[in-house]
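Asker:
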Amino acid sequence: MPVIEHQQFIKAPVEVCFDLARNVDIHTQTTSKTRERAVSGVTEGFLEQGDTVTWEAIHFGIKQRLTAKVTVMEKPHKFVDVMVTGAFHSFVHTHQFIEEAGGTIMIDKFQYKSPFGPIGVVADKLFLEKYMTAFIASRAKALKKIAENKE
4 MPVIEHQQFI KAPVEVCFDL ARNVDIHTQT TSKTRERAVS GVTEGFLEQG
54 DTVTWEAIHF GIKQRLTAKV TVMEKPHKFV DVMVTGAFHS FVHTHQFIEE
104 AGGTIMIDKF QYKSPFGPIG VVADKLFLEK YMTAFIASRA KALKKIAENK
154 E
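Per the working numbering, the sequence shown starts with residue 4, numbered consecutively.
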């Protein structure tokens, strides 16, 4: 099971970073390259524990839907969402926020299992892990830009 971990330092308070990361409207804004939008469940505002959201996006030229549920919410330091339905066999995405002098370290830990057994493992090695790493890093940089402009 691949594990992607990305850290981003943001010159903003932990509460600001935490709220931006769980804001559906900001998520849509930071994933505009894939035209991601919330189509069901919580479609605007902040995600809370127990909430589900269905995202529609275009990945690899194919329109896809994925439903995730927030299973852990420890404000303002951590939240976890897990895939309920979607293209992956499964995933767990942990969002962690650590107060640091002058800002916040935002850590994304994305653990996933590809579908299609051995074919999925090959897809991970050929392109999927690299694609997901770039996707998570891009979103983190966009969140950083938004948070630092709020100050």
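Built from N, CA and C at the ideal position, the CB exists for glycine as well.
Quick check: the Cα distance between residue 89 and residue 27, rounded to an integer number of angstroms?
Answerer: Sequence index remark: in the sequence shown, residue 89 carries index 86 (1-based). Sequence index remark: in the sequence shown, residue 27 carries index 24 (1-based). C-alpha separation (whole angstroms): 18 Å.
Asker: Identify, in the order they occur along the chain, each residue of the same chain with its Cβ nearer than 7 Å to the Cβ of residue 161, setting aside the five sequence neighbours on each side.
Answerer: Absent from the model: residue 161. The displayed extent of the chain is 4 to 154, so no value can be given.
Asker: In angstroms, rounded to a whole number, what distance separates the CA positions of residue 183 and residue 147?
Answerer: Because the chain in this structure spans residues 4 to 154, residue 183 falls outside the shown range and cannot be described.
Asker: Could you give the distance in angstroms between the alpha-carbon of residue 44 and the alpha-carbon of residue 70?
Answerer: In the sequence shown, counting from the first residue as 1, residue 44 sits at position 41. In the sequence shown, counting from the first residue as 1, residue 70 sits at position 67. When rounded, the distance between both Cα atoms is 9 Å.
Asker: Would you mind giving the Cβ-Cβ distance between residue 111 and residue 47, rounded to the nearest angstrom? I have them listed as a contact below 8 Å.
Answerer: Position 108 of the sequence shown, counted from the first residue, corresponds to residue 111. Position 44 of the sequence shown, counted from the first residue, corresponds to residue 47. Not really, about 22 Å apart at Cβ, beyond 8 Å.
Asker: Look at the alpha carbon of residue 83 and the alpha carbon of residue 125, and state the distance between them as a whole number of angstroms.
Answerer: By one-based count along the sequence shown, residue 83 stands at place 80. By one-based count along the sequence shown, residue 125 stands at place 122. Cα to Cα, the separation comes out at about 27 Å.
Asker: Secondary structure at residue 43, three-state DSSP: helix, strand or coil?
Answerer: One-based indexing of the sequence shown puts residue 43 at position 40. Of the three classes helix, strand and coil, the one that applies to residue 43 here is strand, per DSSP.
Asker: In chain order, what residues of the same chain have a beta carbon less than 6 Å from the beta carbon of residue 118, not counting five sequence neighbours either side?
Answerer: Walking along the sequence shown from the start, residue 118 turns up at place 115. Taken in chain order, the residues that qualify are 92.
Asker: How would you call residue 25, buried or exposed, if buried means at least 16 neighbouring beta carbons within 10 angstroms?
Answerer: The residue given as residue 25 occupies position 22 in the sequence shown. Buried, because 16 or more other Cβ atoms sit within 10 Å of the Cβ of residue 25.
Asker: Measure the Cβ-Cβ separation of residue 80 and residue 99 and say whether it is below 8 Å.
Answerer: For the purposes of this step, residue 80 is identified with residue 77 of the sequence shown, where counting begins at 1. For the purposes of this step, residue 99 is identified with residue 96 of the sequence shown, where counting begins at 1. Yes, these two residues count as a Cβ contact at 8 Å.
Asker: Taking the beta strand (DSSP E) that residue 68 falls in, what are its first and last residues?
Answerer: Numbered from its first residue, the sequence shown carries residue 68 at position 65. It spans 65 to 77 - the beta strand (DSSP E) in which residue 68 sits, taken as one unbroken run.
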